[in-house]
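Protein sequences, first through last, are from chains A and B. Converting from the first sequence to the numbering used here requires adding 62 to each position, the first position being numbered 1. Converting from the second sequence to the numbering used here requires adding 23 to each position, the first position being numbered 1.
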Amino acid sequence: MKKMLVMLMVVFLVMGFAFAEAQQETMSEQTIEKVIKTNVMASGDLEIFSWWAGDEGPALEALITQFKGNYPKVNLINATVTGGSGVNAKAVLKTRMLGGDPPEAFQVHAGQELIGTWVNSDRMLDLTPLFEAENWFEVFPEDLINLIGTDEGIWSVPVCVHKSNVMWYIPANLKKWGVTVPTTWDEFFAVATKLQAKGIVPLSMGALWTANENWENIALAVLGVDDYNALWSGDLAWTDAKVEKVWMTFGKMLDLTNKDASSMSWQQATDMVISGKAAFNFMGDWAAGYMMTTLKMVPEKDFGWANTPGTTGAFQFLADSFGIPKGCKNPTAAVAWVSACGSKAGQDAFNPLKGSIPARTDANMSLYSVYSKSAAMDFANDSIVGSLAHGCVANEGFMNDFNSVMDGFMKNRDAKAACLACAEIAETNGMTK
Amino acid sequence: MNISKGKKKNKEKLYSLLILLPSILLVGIFVYGFVGNTIWTSLTDWGEGAGLALNPIKNFVGLKNYKTLFFSFTQSGFRQDLVNTIFYTLLLLFGTLFLGLFLAIMLDRKVKKEGIYRTIFLYPMALSFIVSGTIWRWLLAPSGGVNQIPTWFGGKQNQFLWISSQKQILQFNWQNIWQVLGVIGLIFCVIVLLINIKREDKRKIIIWSCVSGIFALFAFVICPLIPPVLKSEEKHGLNLAIIGIIIAGVWQYSGYAMALYLAGLRGLSGSIKESAKLDGANEAVYYFKIAIPNLKPITLSAVVIMAHISLKMFDLIYAMAGADNGFTGHPSVRMYLTTFRANKFALGAAMAVILFFLAACFIIPYMVNSHRSRRPMR
């Protein structure tokens, strides 16, 4: 009996090896073109997958309400998984896709998170016909379309745009301490010495991913727009002396931050500025949404903003978009949903509530806050570069490994070692030329 | 007569097999089948390239993923996580067992309203790790509850960062990992040797002195000769940030250890205690010389239960420190991130297999032991 049990166990173990080899059958190919040509009214179940819950929930609700008005026959299932920047949602989505249970449409960051993860795996439907039918090539900026498209097609519809190189402060506090807003890193370090003498933390920071965001701000400042882009295209080596200078500046910056950063959320880091414990905070402009909507603060009066030091004239951006996966069970409804996401009315319903700016260039800006208006101006005029921390410029493998490099750097502050490590992870994740 | 007995026995065997069959099938497929699948995945390169494709390309690469985990420059975080696991296990074990035993002895002394205390101490175990983790994260925040305690007495606020401290003690260099393992083995052998010298067991003294000699030879003669496993120095050690997590874990599970020990203490017959008293033993002597040695089987099962809980700390760490806090890292958290955030499925599977074998290290000896001790009773 016992021997039999052991034998059975072995048999099952071996079976595990065997069914690893079994192949999933490929689904029949649907195309967006067919859907657009047949032109039936959308109906049936439509499951949309996103991480817009909590503070961002009302914005999504507004978009859904509008969609339901236009398509009353569609039964919309709003599948959200909470967690900022999609930390939990992305994992859930991956297990669903691997398990053969894709939603009709899902949220994804424009850039490498879309291209590197899903398009390279041949999981998305080409939306080029929809872009042509809706005349979207005219209304979305070209820089943005490059991030959601490849030579083979366009893979998602951008909904909102965020800026990540923003420095937040409280004007009244700066006046009280007798400092002005620094525009370069030399100025920033000079101001920081002054603030430290008064016992104020010059720069507040949160958990590890916010350190990545500060790093990308500094990389943009030290390298400039061209070299920053060259770094991601593989034209500038990670071992270059300029990149080492990025890490050295970043190390100096770390000395100016709060000691308890790793246990704090980004909201808590922003709170430190508001309560006057810290002078500045670098954070994407969802911080504006947090201060205006949750804390009811008035832009320009209660809080001020500027580009992070050394990045004047540059807009470090990330964008949320919706794509339709292959194997989607109700393509008609899915197409209806993404067209609502890309429509002018849809974007104007969604973005003012979320605190982001619309991806379309023809939106009705009178609906937006003072901050969003200024950000939209910058988006139209500045050079646009992608963000690292939010999946724009590097694939997910690199991003994950970059976290370990960052973690190591925080321990040993060795700029040279960090450069070498980055060169190695860029190589293993296929980011070199 | 004999034949019919044999038939009856066969029939019984058949029935028992039939009853067991559904669970054998389910466990076989959903446990052993998937364990086998994970082991297979860990030997492939799934995740290099388009990992999420409908039919991802998986090439057999042998032990490459394991080599990456232990000896590559980029995976130093995983190695620190392994070191963390050892300390998580040891500290959680000692914390819960000592506190649990202490509480059990206290309650064993016929306290009034004992049931209430028992419920209070056992209650934390009913909470999920996520709930207790969230509460403790607030309590242990840099300017949170625990650090404020000194101010109640007019002192200065405590500055220790319970879950985000960057300090590390007991550091060693991973380049010398073989030597470190050798020295740990040597220390263990010498302790066993000393115990046997005290017991004057001649045969065992000879065996264990030979084993100690081998370890000493390995650690101090052979190891310096083999080249270092890494190109550059890499320090690992006990991160002080894990203390916060341990406190929460001990708080949650010492009640459970208490329940185990209390059952054990109640199981000792009253006559032992009385005869000990008649022989002039006081309470301390009774507990240390008589009760605790008699609780050995309970300690053994408690060790196994706590050790495997320490391998499942994912939720507690996730709730208290977040996924990216490298100072409190654990292989299970890293496995999740590697698999589902970085899409490196094969590397993640290799981490899972290592965790699986770590768990097996604790559980198999226990199962063998309990199987052996059960046999004579039959």
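For each residue, glycine too, the CB sits at the ideal point set by N, CA and C.
Segment limits, beta strand (DSSP E) that includes residue i
i, result
"Gln-378/A", "376-385"
"Trp-367/A", "366-369"
"Phe-342/A", "340-344"
"Cys-246/B", "Counting along the chain, Cys-246/B falls outside any beta strand (DSSP E), and DSSP gives it neither H nor E."
Where residue i falls: helix, strand or coil (DSSP)
i, result
"Cys-384/B", "helix"
"Ala-480/A", "helix"
"Ser-90/A", "With a pLDDT of only 46 at Ser-90/A, under 50, the local geometry of the prediction cannot be trusted, and the value read off the model is given with reservation. Correct three-state label for Ser-90/A: coil."
"Ala-141/A", "strand"
"Thr-212/A", "strand"
"Glu-35/B", "helix"
"Asn-150/A", "coil"
"Ile-186/B", "coil"
"Pro-244/A", "coil"
"Gln-180/B", "coil"
"Glu-196/A", "coil"
"Ala-346/B", "coil"
"Pro-120/A", "helix"
"Gln-85/A", "The pLDDT assigned to Gln-85/A is 47, lower than 50, so where the model puts this residue is not dependable; a value taken from the coordinates is nonetheless given after this. Three-state result, Gln-85/A: coil."
"Thr-61/B", "helix"
"Ser-325/A", "helix"
"Pro-147/B", "helix"
"Asn-305/B", "coil"
"Leu-378/B", "helix"
"Asn-392/A", "coil"
Within chain B, partners of residue i - CB distance below 8 Å
i, result
"Asp-364/A", "Within 8 Å Cβ-Cβ: nothing; Asp-364/A doesn't reach chain B, min ~24 Å."
"Arg-185/A", "Leu-75, Ala-76 and Leu-77"
"Ala-483/A", "Phe-96 and Thr-97"
Residues bridged to residue i [DSSP beta-bridge criterion]
i, result
"Gly-106/A", "Val-136/A"
"Met-186/A", "Pro-387/A"
"Val-201/A", "Answer is none; Val-201/A lacks a bridge partner."
"Thr-67/B", "Phe-83/B"
"His-224/A", "Leu-380/A"
"Gln-169/A", "Phe-384/A"
"Val-447/A", "Gln-378/A"
"Phe-195/B", "His-259/B"
"Thr-319/A", "Leu-265/A"
"Ser-112/A", "Thr-142/A"
"Val-219/A", "Phe-384/A"
"Pro-420/A", "Cys-222/A"
"Pro-361/A", "Phe-365/A"
First and last residue of the uninterrupted alpha helix (DSSP H) at residue i
i, result
"Val-213/B", "200-222"
"Trp-230/A", "Trp-230/A -> not in any alpha helix (DSSP H); beta strand (DSSP E) instead, spanning 228-231."
"Ile-428/B", "With chain B covering 24 to 401 only, the question about residue 428/B has no answer from this structure."
"Arg-357/B", "354-363"
"Phe-53/B", "It is not in any alpha helix (DSSP H) - Phe-53/B carries neither H nor E in the DSSP assignment."
"Asn-465/A", "458-474"
"His-331/B", "319-333"
"Arg-289/B", "265-290"
Partner residues on chain A for residue i, Cβ-Cβ distance less than 9 Å
i, result
"Leu-92/B", "Ordered by position in chain A, no residue passes the 9 Å Cβ test against Leu-92/B, which lies about 12 Å from the chain."
"Pro-165/B", "Asn-320, Lys-321, Asp-322, Ser-325 and Met-326"
"Tyr-55/B", "Leu-70, Met-71, Val-72, Val-73, Phe-74, Leu-75, Met-77 and Gly-78"
"Leu-184/B", "Lys-321, Asp-322, Ser-324 and Ser-325"
Under 7 Å from the C-beta of residue i: neighbouring residues of chain B
i, result
"Ser-436/A", "Those within 7 Å of Ser-436/A in chain B number zero; the least Cβ separation is about 32 Å."
"Thr-179/A", "Leu-75 and Asn-366"
"Ile-487/A", "Thr-97"
Heavy atom of the ligand NAD within 6 Å of residue i beta-carbon
i, result
"Ile-143/B", "Absence of the ligand NAD is noted for the structure shown, with no ligands found whatsoever."
Under 7 Å from the C-beta of residue i: neighbouring residues of chain A
i, result
"Asp-347/B", "Ala-269, Leu-270, Trp-271 and Asn-465"
"Ser-187/B", "Asp-322, Ser-324 and Ser-325"
"Leu-291/B", "What Leu-291/B touches in chain A: nothing, since even the nearest Cβ is about 34 Å away."
"Ile-47/B", "Leu-70"
Contact belief for residue i with residue j at Cβ below 8 Å, rounded distance in angstroms
i, j, result
"Trp-277/A", "Met-461/A", "No, Trp-277/A and Met-461/A are not in contact; Cβ-Cβ is about 12 Å, not under 8 Å."
"Ile-177/A", "Phe-193/A", "Actually they are not in contact, since the Cβ atoms of Ile-177/A and Phe-193/A sit about 16 Å apart, beyond 8 Å."
"Gly-205/B", "Cys-246/B", "6 Å"
"Val-284/A", "Lys-307/A", "6 Å"
Contacts that residue i makes with chain A (C-beta to C-beta distance below 8 Å)
i, result
"Ser-99/B", "Ser-466 and Gly-470"
"Thr-361/B", "Asn-462"
"Val-244/B", "Those do not exist, as Val-244/B stays about 32 Å from chain A at its closest Cβ, beyond 8 Å."
Minimum Cβ-Cβ distance from residue i to chain E less than 7 Å
i, result
"Gly-78/A", "Note that chain E does not occur in the displayed structure, where the protein chains are A and B."
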